[in-house]
Amino acid sequence: MEYLNEGIVLGLDLLILGLCYKEYCSYKQTLKALKGAPQLPLDDSLKSYVQQQKDQKVPYAVIRGTVSPIGAPIKSVLSPTVTGVLQIMKLNEHRVARGFAGLWTEQKKLVHFSTNEVPFMITNGEHGVEVTEALSSAVLDLDVVYDNYEPSSLKLFDHLFGFFSGVRQKGFQTTEEILRDGSFITAVGEIELDAGNLRLQPSSIGPMFLTTATKGALIKKFEEAKSSMMVKMFISGAITALIIGIIGRRYFIRKKAERNERRLKETLEKARRERRAKTRPKANLMEEQLCVVCVTNPKEVICLPCGHVCLCEDCSEKIKIACPVCRTTIESKAAAFIS
Ligand SMILES: [Zn+2]
Ligand SMILES: [Zn+2]
8 MEYLNEGIVL GLDLLILGLC YKEYCSYKQT LKALKGAPQL PLDDSLKSYV QQQKDQKVPY
68 AVIRGTVSPI GAPIKSVLSP TVTGVLQIMK LNEHRVARGF AGLWTEQKKL VHFSTNEVPF
128 MITNGEHGVE VTEALSSAVL DLDVVYDNYE PSSLKLFDHL FGFFSGVRQK GFQTTEEILR
188 DGSFITAVGE IELDAGNLRL QPSSIGPMFL TTATKGALIK KFEEAKSSMM VKMFISGAIT
248 ALIIGIIGRR YFIRKKAERN ERRLKETLEK ARRERRAKTR PKANLMEEQL CVVCVTNPKE
308 VICLPCGHVC LCEDCSEKIK IACPVCRTTI ESKAAAFIS
């Protein structure tokens with residue numbers, strides 16, 4: 008219990024350190040995969056290149072091209088001039104809530120989320136690669152085509168209700184994001200040749216990306232994220248070391264104090280024993296007058312409740328449980344004076 012606070016802080020810090028390390032490893036792995044992924048030209052050489060690979064698959068590769076719907080594109084709901092192949096609609100409720108220490112904080116709560124997609128390809132002229140499971144991309148750069156915030160008109164009742172419930176609605180935000188057809192993007196994933204058609208899909212080597220950034224920019228972004236995670240890990244590690252240092256220091260100080268106390272007690276005890284030995288009668292005692300344990304010192308202590316006067320003071324310190332004569336449990340002891 009003594010180190011409870013430090014223990015909790017240490018535990019939290021180790022948890023943060025662990026999470027940072029996990030993130031760091033995932034960035035590192037992604038970087039390694041990205042750097043090793045070949046950027047393949049989207050032209051007539053691609054099909055034969057993929058065909059030559061094992062299982063007709065390139066496990067992780069980068070291609071760049073124009074987004075083209077295979078059938079009819081999706082029409083934007085809220086911005087009708089825009090068409091695309093992938094659509095995400097979000098409705099967020101903004102509210103203020105009374106949180107920690109009675110402070111009101113802004114909160115955003117997703118109340119509605121929907122997606123819509125049509126099959127699409129990444130093309131360069133007549134050459135194209137179909138993209139599947141686009142929504143599982145780790146980075147998915149979409150255009151925000153509609154973003155509207157509607158404040159709620161609160162009545163007196165809502166204010167009162169908000170005061171007591173601790174949650175007050177502020178408004179709703181509607182956003183629509185679309186991957187426009189005709190936009191030029193970078194796609195990263197597994198490329199497979201299946202029944203004569205090329206397909207890009209999630210890979211087991213690294214995350215899938217559909218982004219406007221180039222491969223180089225993507226690598227740079229992950230390098231930066233990796234470095235910032237390393238800084239966090241370093242800080243967290245330093246805090247861990249500091250807490251361990253504090254706990255260690257306190258432990259050693261306590262141990263030292265205990266050791267000193269024990270030594271002092273021993274010295275005092277020794278002095279007391281010597282003093283006692285001097286005051287003991289020098290005369291030769293009869294055996295029945297001697298302590299039954301050491302048979303050297305005179306009997307000096309009475310065990311209660313049995314009443315046996317059988318121990319010297321030195322031995323009575325070691326014998327605490329049962330009377331050595333009758334085995335009765337010792338409840339207390341007292342000095343006995345035999346005159
Ligand atoms: Zn004794
Ligand atoms: Zn007894």
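Its first residue numbered 8, the sequence shown is counted upward by one per residue in our numbering.
The C-beta atom is built at its ideal place from N, Cα and C for all residues, glycine as well.
Worksheet item: First and last residue of the beta strand (DSSP E) that includes F216?
Response: Here residue 216 corresponds to residue number 209 of the sequence shown, with the count starting at 1. Counting along the chain, the beta strand (DSSP E) containing F216 begins and ends at F216 to T218.
Discussion item. Tell me which residue opens and which closes the beta strand (DSSP E) that H101 is part of.
Written reply: If you number the sequence shown from 1, residue 101 lands on position 94. Counting along the chain, H101 sits inside the beta strand (DSSP E) bounded by residues T90 to R105.
Item to complete: Count the other CB atoms, across all protein chains shown, that sit within 10 Å of the CB of P80; report buried if there are 16 or more and exposed otherwise.
Response: The count along the sequence shown starts at 1 and reaches residue 80 at position 73. The residue is buried, with at least 16 neighbouring Cβ atoms inside 10 Å.
Worksheet item: beta strand (DSSP E) containing D154: first to last residue?
Response: As a first step, residue 154 must be located in the sequence shown, where it is residue number 147. For D154, the uninterrupted beta strand (DSSP E) run begins and ends at D150 to P158, by DSSP.
Discussion item. Considering only heavy atoms of ligand 2, does any lie closer than 7 Å to the CB of T335?
Written reply: The residue you call residue 335 lines up with position 328 of the sequence shown. Flag set: Cβ of T335 near ligand 2.
Item to complete: Sort K61, C317, I337 and S33 by Cα distance to L311 and report the nearest one.
Response: Here the question's residue 311 lines up with position 304 in the sequence shown. Checking every option, the nearest Cα to that of L311 belongs to I337.
Practice prompt. List in chain order the residues whose CB is within less than 6 Å of at least one heavy atom of ligand 1.
Written response: Shown in chain order are the residues whose CB sits closer than 6 Å to a heavy atom of ligand 1: C298, V300, C301, N304, L318, C319, D321 and C322.
Worksheet entry | Sequence-distant residues of its chain with Cβ nearer than 6 Å to D347 (five each side left out) | Because residue 347 is not part of the residues shown, which for the chain are 8 to 346, the question remains open.
Worksheet item: Could you check where the beta strand (DSSP E) with Y10 kicks off and where it finishes?
Response: Walking along the sequence shown from the start, residue 10 turns up at place 3. No beta strand (DSSP E) contains Y10, which DSSP labels as neither H nor E.
Discussion item. Any heavy atom of ligand 2 closer than 7 Å to the beta-carbon of T332?
Written reply: As a working mapping, residue 332 is identified with position 325 in the sequence shown. Here residue 332 is Val; the residue named in the question, Thr, does not match the sequence. At least one heavy atom of ligand 2 lies less than 7 Å from the C-beta of V332.
Discussion item. Please report the straight-line C-alpha distance between I70 and T218, rounded to a whole angstrom.
Written reply: Translated into positions along the sequence shown, residue 70 becomes position 63. Translated into positions along the sequence shown, residue 218 becomes position 211. Take the alpha-carbon of I70 and the one of T218: they are about 11 Å apart.
Fill in: E124 versus V195: straight-line alpha-carbon distance, rounded
Residue 124 sits at position 117 when you count from the first residue of the sequence shown. Residue 195 sits at position 188 when you count from the first residue of the sequence shown. Each residue's Cα considered, the two are about 19 Å apart.
Practice prompt. State whether the segment 83-97 contacts the segment 44-61, with contact taken as three or more CB pairs (one from each stretch) at a distance under 8 Å.
Written response: No contact exists between the segment 83-97 and the segment 44-61.
Worksheet item: Sorted by chain position, which residues of the same chain lie with C-beta nearer than 7 Å to F127's C-beta, five sequence neighbours on each side aside?
Response: On the sequence shown, position 120 is the one that residue 127 refers to. For F127, where only same-chain residues beyond five positions count, the Cβ hits under 7 Å are V74, S75, P76, I77, V92 and V138.
Worksheet item: What are the start and end residues of the beta strand (DSSP E) that includes R187?
Response: The count along the sequence shown starts at 1 and reaches residue 187 at position 180. Note, R187: beta strand (DSSP E), V174 to R187.
Worksheet item: Taking the Cβ atom as the reference point for each residue, do E100 and F164 lie within a distance shorter than 8 Å?
Response: Residue mapping note: residue 100 aligns to position 93 of the sequence shown, counting from 1. Residue mapping note: residue 164 aligns to position 157 of the sequence shown, counting from 1. Contact flag unset, no.
Practice prompt. Report yes if the CB atom of L49 is closer than 8 Å to the CB atom of V146, and no otherwise.
Written response: In the sequence shown, the residue the question calls residue 49 occupies position 42. In the sequence shown, the residue the question calls residue 146 occupies position 139. L49 places its beta carbon 8 Å or farther from that of V146.
Worksheet entry | Cβ of A341 within 8 Å of any chain B Cβ | Of the protein chains in the structure, only one exists, and it is not chain B.
Worksheet item: Exposed or buried, which one is F120 when buried takes at least 16 other CB atoms within 10 Å?
Response: Here residue 120 is taken as the residue at index 113 of the sequence shown, counted from 1. F120 comes out exposed.
Discussion item. To the nearest angstrom, how far is the alpha carbon of D62 from that of S144?
Written reply: To locate residue 62, count along the sequence shown from 1; it is residue 55. To locate residue 144, count along the sequence shown from 1; it is residue 137. Rounded to whole angstroms, D62 to S144 spans 23 Å at the Cα level.
Practice prompt. Evaluate Y258 with the Cβ neighbour count: other Cβ atoms within 10 Å of its Cβ, from every protein chain shown; 16 or more gives buried, anything less gives exposed.
Written response: In the sequence shown, residue 258 corresponds to position 251, counting from 1. Y258 sits exposed, since fewer than 16 C-beta atoms from the chains shown fall within 10 Å of its C-beta.
Discussion item. I need the DSSP call for M293, collapsed to helix, strand or coil.
Written reply: In the sequence shown, counting from the first residue as 1, residue 293 sits at position 286. For M293, the three-state secondary structure derived from DSSP is coil.
Worksheet item: What residues in its chain sit with their C-beta under 7 Å from that of C2, if we drop five residues either side in the sequence?
Response: Outside the modelled stretch of the chain, which goes from 8 to 346, sits residue 2, for which no answer is possible.
Item to complete: For C301, count neighbouring C-beta atoms within 10 Å of its own C-beta (all shown protein chains included) and say buried if the count is 16 or more, exposed if not.
Response: By one-based count along the sequence shown, residue 301 stands at place 294. Flag for C301 reads exposed.
Practice prompt. Could you check if K39 is buried or exposed, using at least 16 other CB atoms within 10 Å of its CB as the buried criterion?
Written response: Position 32 of the sequence shown, counting from 1, holds the residue named residue 39. Result: exposed.
Worksheet entry | C-alpha distance - D154 paired with E183, whole-angstrom precision | Reading the sequence shown from its first residue, position 147 is the one you call residue 154. Reading the sequence shown from its first residue, position 176 is the one you call residue 183. Whole-angstrom Cα-Cα distance: 7 Å.
Worksheet item: Since I81 sits in a beta bridge, which residues does DSSP pair it with?
Response: Looking up residue 81 in the sequence shown gives position 74. DSSP, once it has assigned bridges, lists G91 as partnering I81.
Item to complete: Rounded to whole angstroms, what's the CA-CA distance from C319 to C298? Just pull it up for me.
Response: Here the question's residue 319 lines up with position 312 in the sequence shown. Here the question's residue 298 lines up with position 291 in the sequence shown. About 5 Å.
Worksheet item: Does the Cβ-Cβ distance between A329 and K306 come in under 8 Å?
Response: Taking the first residue of the sequence shown as 1, we reach residue 329 at position 322. Taking the first residue of the sequence shown as 1, we reach residue 306 at position 299. In this structure, K306 does not lie closer than 8 Å to A329 by Cβ.
Practice prompt. Return the CA-CA distance between I246 and L26, expressed in angstroms with no decimal places.
Written response: Position 239 of the sequence shown, counted from the first residue, corresponds to residue 246. Position 19 of the sequence shown, counted from the first residue, corresponds to residue 26. Answer to the nearest angstrom: the Cα atoms are 15 Å apart.
Fill in: Continuous alpha helix (DSSP H) stretch holding A264: start and end
In the sequence shown, the residue the question calls residue 264 occupies position 257. First-last of the alpha helix (DSSP H) with A264: K222 to T286.
Worksheet item: S172: which of S211, I15 and G109 sits nearest, CA to CA?
Response: Mapped onto the sequence shown, residue 172 falls at position 165. When only C-alpha atoms are compared, the closest one is G109.
Worksheet item: Quick check: the segment 8-22 against the segment 196-207, are there 3 or more CB pairs under 8 Å?
Response: Too few Cβ pairs lie closer than 8 Å, so no.
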